[in-house]
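These notes are about the structure you will find just below.
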Amino acid sequence: MTTMNTRSLEQPTLEDNYLTYTRGIMSWVLTLDHKRIGVMYLVSVLGAFLLGGVFALLVRTQLLVPDGLIMDQDQYNQAFTLHGGIMVFLVIIPSIPAALGNFVMPIMLGAKDVAFPRLNLMSYYLWVIGALCMVYAMVGGLDTGWTFYTPYSIDESSAMSGVIPAVTGAFILGFSSIFTGMNFIVTIHRLRPDGMTWFRMPLFLWSIYATAVIQVLATPVLGITLALLAVERAFGIGIFDPALGGDPVLYQHFFWFYSHPAVYIMVLPAMGIVSELIAVHSHRHIFGYSFIAWSSVAIAIFSFIVWGHHMFTSGQSQLMNVIFSFITFSVAIPSAVKVFNWLATMYKGAISWNTPMLYGMGFIVLFLIGGLTGLYLGTLAVDIHLHDTYFVVAHFHYTMMGSALIGFIGGLHHWWPKITGKMYNENAGRFAFVLFFIGYNMTFFTQFMLGSHGMPRRYGTYPADAGFQTYHIISTIGAYIMAIAFFTMAGYFLASVFGGRRAASNPWGGRSLEWQCTSPPPHDNFSEQPAVGDCYDFSVLRWDDATNGYVWREDIEHPGMTHSEASGE
Amino acid sequence: MTQLHVQSDGHEEHGHDHDHDHPEFLGHHWKNPVQQFEAGKLGMWLFLATEVLLFGGLFCAYAIWRSNHPEIFKYGSQFLDTTWGAINTGVLLISSMTMAMAVTFAARGNNRAVIVTLILTLFGAAGFMAIKYVEYNHKFHEGFYPGMAFYEQPHASELWMPLEETAIAKKAAIAQSEAAASTALAVEDAKRAEMPSPPADAQRWNKPEAAIGPQGMTTNQESLDIAEMAVFLPPSVLGNIIDQTGELQYAEHHTPGEPVHLAHPLQDPERPANAQKFFTIYFLMTGLHGIHVVIGGVVILWLLLKTMKGHFSREYYTPIDLGGLYWHIVDVIWIFLFPLFYLI
Amino acid sequence: MSMFGMLATMKLGEATSGGGFWMPENASTVAAEVDGLFYFINNVNYVSFALCVAILLFFAIRYYAKPSSHATFDPDAPTHNTPLELTWSVVPLLIVGVMFWLGMTGFLELMEAPSDSYEVRVTAQKWSWTFQHPEYGVTEAAELTVPLNKPVRLIMTSSDVLHSLFVPAFRVKNDVVPGRYSSLWFQATRPGQYRLYCTEYCGKDHSKMLAVVNVLPEDEFQERLGKLAREYEDIEDQDLPAYALSRLYNRCASCHSLDGKSGTGPSFKGLWDRTKKGSTVFTNGTSLKDLMGKGGEFEVPENYIRDSIVNPQRHIVQNYTGAMPTFQGQLKQRQIDALILMLKNLDQLVDDQGNVIEEPNLDNADISTGAQQ
Ligand code: HEA
Ligand code: HEA
Ligand code: CUA
Ligand SMILES: [Cu+2]
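Residue numbers (this note's numbering), protein chains in the order written: chain A, 18 to 586; chain B, 4 to 347; chain C, 167 to 539.
If you want it as C-alpha cells, here you go:
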C-alpha cells in the first residue's frame with residue numbers, strides 16, 4: 018500500500034506538474050491557470066516590496082540626523098509617499114489574496130480553478146498597468162502622502178504633477194482588486210465540491226471570503242473618489258476645493274470609507290493564514306473553529322462603520338467622533354477572540370518550531386502590540402494627542418507590516434514547498450526570522466515613544482534638541498537589520514529553487530486539500546472531485562520516512578477514495 | 004489506504020473521465036452547465052453591486068451638495084430640457100423591454116427573434132446616445148461647461164432659448180406688444196455688445212480669492228459673527244460669506260416651474276453663487292452613465308454577432324442573460340438620474 | 167531659513183527635556199487628564215500583553231515537539247468550549263467599554279472652551295503661522311504669546327491647504343481647514359516656551375512649519391503685547407527698512423528669497439528695479455509699464471507693490487501662480503510702508519548672497535525672543 022502511494026505521489030509530479038505542463042514564455046503570459054497567475058502575482062508583489070523597501074530605507078536614512086542626511090524636503094516627501102503608496106496599493110493589498118490566495122484557494126477548496134480564469138488573468142494585467150502608472154507618477158513627482166488629502170492634492174501650485182497618474186494607477190489597481198474579490202466570492206459559492214460545506218472550509222478560506230466581500234463593497238467607492246479627485250484637479254469642478262465652494266473634508270470621508278476597510282483587507286487574510294499555521298504546526302485541531310470563522314465576518318461588517326476614527330481632529334461633529342470611537346472599540350472584540358483561540362489551539366499540541374510556526378507566533382506577538390496600540394488611538398481624548406504623530410506610524414507598521422506582511426511571509430514559507438516543490442533551508446529560515454524580529458522591534462517600537470513625545474509624521478527634518486534623535490538612530494539601525502533579514506530570505510528562497518531538496522506532498526502534516534495533491538500540484542489540481550472531511554483532524558495522518566512527509570494512515574479509511582484508485586489505475 | 008487521487012490527466016483532453024458529457028461551452032473546471040450558469044449570474048450580480056456603489060459615490064455627492072445649496076439645483080435644473088429627458092427615459096425603458104424579450108426568446112431557443120429584439124435594443128442605445136449628444140451639444144454651445152470653465156468665456160452665441168417656449172410665448176403674446184418686445188431685445192443686444200470680456204466680477208471666480216465655502220460657516224458659527232470676522236479676514240473671503248445671503252434669498256423669490264424668461268446665467272444678476280456646480284455634477288453623473296450606455300451598446304452588438312453566428316442555444320445563452328442584467332442596471336440608474344436633475 | 171536654524175538651536179525650557187518615558191512634560195490643565203487616561207490604557211495593555219505572551223511562550227515550550235520527532239495529533243485535546251469563548255469575548259468588551267467612556271468624557275471636556283477664554287485668531291499658510299490678538303491689535307508670526315493660567319481659545323483658519331496645530335506639552339491638536347473655522351483651547355499651567363508643530367501634511371516645508379508658544383505670567387504678558395502693539399509706531403523712520411527685514415520679512419521668506427533664486431514667488435532681489443522700470447510681465451501678457459503713470463492703475467511703482475501685498479491676485483507675474491495670500495488686515499499701513507522701503511533699499515541691507523549685512527539695531531530689540539530673525 019505504502020509503496021503504491023509513494024509511487025502515485027511522486028512519480029507523475031517530477032515531469033508533470035503545473036510548472037512543466039506547457040513551456041515557453043507565452044504559456045505563462047497568457048496562462049489561465051490560477052496557480053501560474055498566483056506565481057506571477059507573487060513575483061511581481063515581491064518586486065514591488067523590494068522597491069517600497071528601498072524607499073523605506075531612504076526615509077530612515079534621511080532621519081538619522083535632525084537636518085536630514087541625504088534628501089531635500091521635496092525628495093523626502095516623495096520618498097515617503099511612494100513608500101506608502103507602493104506598500105499599500107501594490108504590495109500588501111494584493112499580497113495574500115491575489116498571490117497566495119490565487120495559488121492555494123482553489124486547491125484548498127477542491128476546485129480545478131477559480132470561477133472566471135480569464136477575469137483572473139485580466140486582474141493580473143490590471144495590476145501591472147496600475148503599477149506602471151504608479152511608477153510613471155514618479156516621473157512627475159508625487160508628494161501628497163498615500164492619502165492624497167485635498168485640497169493639497171488638487172492644487173496645482175502645491176502638489177506635484179504625478180497626482181493624476183498616481184490616482185489613475187490606484188483606480189486601476191482598485192479594479193484589479195474588485196475583480197479578484199468577485200472571482201473569489203463566486204468560486205467559494207459555486208465551486209465547492211460535494212462535501213465541502215461552509216463549515217468544513219479551512220479558516221483561510223473564510224478569511225479570504227470575508228476579505229473578498231470587503232474588496233467588492235468598498236473599492237468602488239475609492240474608485241469614484243479618486244476619479245473625482247483627478248477630475249477636480251484637471252478641471253476644477255469644485256467638489257473638494259473650498260475655493261470653489263467644495264468641501265475638503267468630504268474627501269477624507271470618502272477616502273477612509275474605503276481605506277479603513279482596506280486595512281482589514283490586509284489583515285484578515287493574514288489572520289486566516291495564521292489560523293492554518295498554528296493548527297498545522299501544532300498538530301492540533303483548531304480551537305473554536307466557528308468563533309474564528311464568524312469573527313472574520315464580524316470584522317468585515319464592522320470595518321465599514323469605523324472610518325471616522327481617522328478624522329477625530331478634522332473638525333467633524335463631536336457626536337460623530339463619539340459614535341466612531343464607540344464602534345472602533347467593538348472591532349477589538351472579534352480580533353481578541355481570534356487571538357485567544359489561537360493560543361488555545363496550542364494547548365496540548367505537539368508544537369514544531371518550524372519557520373512558518375515562528376512567523377505564526379511572531380504574528381501573535383506583533384499583532385498584540387499593533388492591536389493594543391489601536392486602543393489608544395480609538396480613545397478620543399488620547400488620540401487628539403497622538404494623531405498624525407509617529408505613534409500612528411508605529412501602530413500601522415505593527416499591524417500592516419508586523420501582522421499582515423508577516424502573515425504573508427509566514428504563508429509563503431508554509432506553502433513554498435507546495436508552490437515550488439522544493440524545501441528551503443530550515444535553519445536559514447529560523448535565523449532570518451530572529452533577525453527580522455529583532456530588527457523589526459528596534460525599528461518600530463522606538464517610534465511609539467517618538468510619537469507620544471510629539472514627533473509629527475511626514476517630517477523630513479526635526480528639531481535637534483527635542484530628544485528625538487536617539488530614537489531615530491535606533492530605528493534606522495533596526496531598519497537596516499530588517500533589510501538584511503529580507504535579503505537573507507530572498508537568498509535561501511532562490512537557493513532552494515535551484516538546489517533545494519525535493520518537497521514531499523505533505524511536509525508539515527497539513528490536512529486541508531492542498532496537501533493531498535503533489536508538490537507542485539498538477540495542472541488540473543484534481544482529476545476527480547475530492548471528497549472532504551474535517552480539515553483540522555490531523556489524527557488521520559502519520560509521518561512517512563520514505564517520502565519525508567506525512568501520509569494517510571493505513572488503518573483509517575480514506576474518504577476520498579474513488580473507483581479509479583480502488584481499481585488500481 | 005491511499006492518498007487522494009492525484010494522478011494528472013493533464014495532457015489529455017479534459018472530460019474523458021467524467022460520466023456526463025462536457026459540451027464545448029463548458030469551462031474545464033465546471034461540473035455542469037447549471038453550475039457555470041449560476042456562477043456567471045452570481046458574478047454579474049456582484050459586478051452590478053460594484054457599479055451601483057460606483058454611482059453611489061456620486062449620488063452621495065449630489066445629496067450633500069443639494070442639501071447644502073438647494074438654490075443652485077433649483078436654478079440650474081431650469082436649463083435642462085425636460086422633454087428630451089423624458090423621451091430618453093422612454094427610449095431606455097423600451098430598450099430594456101426588448102432586451103428582456105431577447106432573453107426570453109434566447110431561453111426558448113428562438114434565435115431569429117433574439118436577433119430582432121437585440122437590434123431593437125441596439126437602436127434604443129443608439130437613440131439614447133444621439134439625444135444625449137444633441138443635449139450636450141446644446142449645452143456646450145450655450146457655454147454651460149462643468150466646473151470653472153463655465154465662467155471662462157462669455158458665451159458668444161445667441162441668448163439661451165428658454166425651455167418653456169410655449170408658456171413664454173403665451174405670456175409674451177398677452178403681456179407685450181411686438182414693439183415692446185423688439186425694444187427689449189435691442190436693449191439686450193446693446194448690453195451684450197458692451198461685454199467683450201468676462202463680466203467685471205469674473206475675478207471673483209479666480210480660485211484663490213473666493214476662499215470660503217458656505218458650510219464652513221456652520222462650524223463654530225456661534226461665537227463668530229461677521230463683524231467680528233472682519234477684523235482679521237481678508238475682504239475676499241468676507242465678501243464671499245456675505246454673498247450667500249443673496250444666494251439664499253434667490254430660492255425664496257422663485258417657485259419651480261414658474262414661467263420666466265431665463266437670462267443666460269452669465270448675464271443673470273440673480274444667478275446664485277457657484278451656479279456652475281449644478282452643471283459639474285450634471286455632466287459627471289450623466290457622463291458616467293453615458294459611458295455605461297456605450298459599453299452596454301458594445302456588449303449588445305457583440306451578443307448580436309454571436310447570436311448571428313449561432314453560438315447560443317436553448318442550453319447555453321448565459322452571455323445574453325448577463326448582458327441583459329447589465330443593460331437593466333444601466334436603465335435603472337437613469338431612472339434615478341432623470342428626476343434628480345430634470346424634475347426636482 | 168536662518169529663522170528655523172535659530173528655532174532649532176533654541177533652548178525650549180523643560181518642555182522638551184522633561185517628561186517621562188511615554189509622555190512629554192505636561193503644561194496645561196487637560197494634560198494631566200489625558201496622561202491619566204494614557205497610563206490607564208497602558209496598564210491594561212501591559213497586563214493583556216504579558217498574559218497573552220506568557221501563555222504563548224509557555225505553550226510553545228511546554229508542548230514543544232522536536233521537528234524530527236514528527237509528532238502527530240492528540241485526539242483528546244478540546245476543540246471548543248463555548249463558556250470560555252463567551253468569557254473572553256465579554257471581558258475585553260467590558261474593558262474597552264470603560265476605555266471608550268473615559269475617552270469620550272475627556273474629549274468632551276477638551277472641546278468645551280470656558281466662556282471667558284482669551285481669544286487668538288490663527289491663520290495658517292504654507293509654511294508659517296500668523297497669530298492675531300484682536301484685543302491688542304497685534305499680529306505675531308512664528309511665536310504665540312499667551313497668558314499663564316488663563317484659558318486661551320484659538321480660532322483657526324487656513325488660507326491654502328490643510329494644516330494642523332499641535333502643542334505636545336498641552337496635549338491639544340486640531341486641523342486647520344481652509345474655508346472654515348476650527349478652534350481649540352488650553353490653559354497653560356507653567357510659564358516657559360513650548361514647541362508648536364504643524365501635524366497635517368502641507369507640502370514642501372511641512373516639517374519646518376514650527377512655532378513657539380511663549381507662556382508668560384499675566385502682567386508680563388500684557389506688557390509684552392502692549393510693546394508689540396506699539397512696535398512699529400515707535401520705530402524711527404530711517405529704521406523702517408531694517409525693521410521690515412528683521413520683523414516682517416519672515417512672513418515672506420517661505421516664498422521670496424533675497425539672493426535672486428526664485429521660489430514659490432519671485433525673488434526680492436532686483437524686484438524694485440524691475441518694478442521701477444515697469445518691465446514686469448503678467449500672465450495675461452500685459453506688462454507693468456502699461457498700467458503705470460498718470461491715469462493708469464498705478465501712478466507710481468510703490469502703488470504696485472502695495473497692491474501686490476494686499477491684493478496679490480489682481481496681477482499675477484508671469485511664470486508664477488496666484489499662490490500668494492493677501493496680507494490685507496494683517497499688516498498695518500506703516501508696516502506695508504516699511505516693506506516697500508525695505509524692497510527699495512534691499513541692496514544696502516543684504517549682500518549678493520542675501521545675507522544680512524548689518525544686524526539691525528532697533529531701539530526695542532528686546533521684544534525679539536529669538537523666534538524671529
Ligand atoms: C492591517 C492594518 C490595521 C489593523 C488591523 C488596524 C487595527 C486597528 N486600528 Fe489601525 N490603522 C492602520 C492599520 C490598521 N489598524 C493604518 C494604516 C492607520 C493609519 C493610516 C494613515 O493615517 O496613514 C491606522 C490608524 C488608526 C487610527 C487613527 C489614528 C489617527 O490617525 O489618529 C485608529 C483610531 O482609532 C486606529 C485604531 C485601530 C483599532 C482599534 C484596531 C483594532 O482592530 C485592533 C484590535 C486588536 C486588538 C485590540 C488586539 C487583540 C486583542 C486582545 C489580545 C484582547 C485583549 C484586549 C483588550 C483588553 C481589549 N487605527
Ligand atoms: C505594508 C505596508 C508597509 C511596510 C511593509 C512598510 C515597511 C517599512 N516602513 Fe513604512 N509606511 C507605510 C507602509 C509600510 N511600511 C505607509 C502606508 C506609510 C505612510 C506613508 C504616508 O505618510 O503617506 C509608511 C510610512 C513610513 C514611515 C514614516 C515616514 C514619515 O511619516 O515621515 C517610516 C519611517 O520610518 C517608515 C519606515 C518603514 C521601514 C523602515 C520599513 C521596512 O520594514 C521595510 C523593509 C523592507 C525592505 C528593506 C525590502 C527588502 C525586500 C526584499 C529584499 C525583496 C525580496 C524579499 C523576499 C523574497 C521576502 N514607513
Ligand atoms: Cu502646515 Cu504641515
Ligand atoms: Cu481605521
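For each residue, glycine too, the CB sits at the ideal point set by N, CA and C.
For clarity, every value in this text was computed on a predicted model and none was experimentally measured.
For B:Phe131, there are no neighbours in chain A by C-beta distance under 7 Å, as the nearest C-beta there is about 22 Å away. Taking a Cβ-Cβ threshold of 9 Å, the residues of chain A close to C:Tyr229 are Ser299, Arg301, Met363, Tyr364, Lys365, Gly366, Ala367 and Ile368, in chain order. Closest option to B:Ser70, judged by alpha-carbon separation, among B:Lys280, B:Leu96, B:Thr101 and B:Ala103: B:Lys280. A:Gln486 is bridged by DSSP to nothing; it lacks a bridge partner. The C-beta of A:Phe543 has 16 or more other C-beta atoms within 10 Å across all chains shown, which makes the residue buried. DSSP lists C:Ala354 as the bridge partner or partners of C:Ser194.
As the crow flies, the alpha-carbon of A:Pro278 is around 55 Å from that of C:Tyr398. A:Leu234 reaches chain B at Ala52, Thr53 and Leu56, counting residues in chain order whose Cβ is nearer than 9 Å. Here the alpha carbon of A:Lys129 sits roughly 10 Å from the alpha carbon of A:Arg209. The beta-carbon distance between C:Ala193 and C:Ala335, rounded to whole angstroms, is 4 Å. This is short enough to meet the 8 Å contact definition. Between the alpha carbons of C:Leu437 and A:Ser174 lies a gap of roughly 22 Å. Contact with chain A is found for C:Thr245, since one of that chain's Cβ atoms lies less than 8 Å from the residue's Cβ.
Close CB contacts of A:Phe454 within its chain, under the 7 Å cut and outside five residues either way in sequence, are with Gly379 (chain order). Beta bridge pairing from DSSP links C:Pro334 with no other residue. Fully contained in the segment 406-479 of chain A are the following alpha helix (DSSP H) runs of length 4 or more, in chain order: 407-413, 423-437 and 443-469. Residues of the segment 330-345 of chain A that bring their beta carbon within less than 8 Å of a beta carbon in chain C comprise Thr330, Ser331, Gly332, Gln335, Asn338, Val339, Ser342 and Phe343, in sequence order. The DSSP-derived three-state label of C:Leu328 is coil.
Exclusion of the five residues before and after A:Gly198 leaves Ala229, Gln232 and Val233 as the residues of its chain whose Cβ lies within less than 6 Å of its Cβ. Less than 8 Å divides the Cβ of A:Ile498 from the Cβ of A:Leu452.
In the three-state DSSP reduction, C:Tyr360 falls in the strand class (E or B).
Annotation for A:Gly468 indicates a beta carbon at 7 Å or more from all heavy atoms of ligand 1. From the listed residues A:Ile254, A:Pro111, A:Tyr376 and A:Phe165, the smallest Cα separation to A:Met506 is found for A:Tyr376. Of the candidates C:Val327, C:Gln388 and C:Lys339, the residue whose Cα lies closest to the Cα of C:Pro313 is C:Gln388. Every alpha helix (DSSP H) of 4 residues or more that sits fully in the segment 73-124 of chain B is shown, in chain order, as 73-80 and 85-111. Residue list for ligand 3: C:His329, C:Cys364, C:Cys368, C:His372 and C:Met375 (CB closer than 5 Å to any heavy atom, chain order). Cβ-Cβ distances below 6 Å link C:Gly426 to Ser433 and Lys435 in the same chain, with the five nearest sequence neighbours on each side left out; the list follows chain order. Of the residues assessed, A:His402 falls on the buried side of the cut-off, its CB having 16 or more other CB atoms within 10 angstroms. Within the model, the alpha-carbon separation for B:His331 versus B:Ser99 is close to 6 Å. Contact annotation: C:Pro241 and A:Ser556 have beta-carbon atoms nearer than 8 Å. Residues of the segment 354-367 of chain C whose Cβ lies closer than 7 Å to any Cβ of chain A, in chain order: Arg361, Tyr363, Thr365, Glu366 and Tyr367. Cβ proximity to chain A below 9 Å picks out Lys370, Asp371, His372, Ser373, Lys374 and Leu376 from the segment 370-381 of chain C. The three-state reading of DSSP puts B:Thr289 in helix, counting H, G and I together. Counting every other CB atom within 10 Å of its CB across the protein chains shown gives C:Pro249 a total below 16, marking it as exposed. The alpha helix (DSSP H) runs lying completely inside the segment 476-514 of chain C and spanning 4 residues or more are 499-510, given in chain order. Cα atoms of C:Phe464 and C:Gly444: separation of roughly 11 Å, rounded to the nearest angstrom.
For C:Ser420, no alpha helix (DSSP H) segment is defined, and its DSSP state is neither H nor E.
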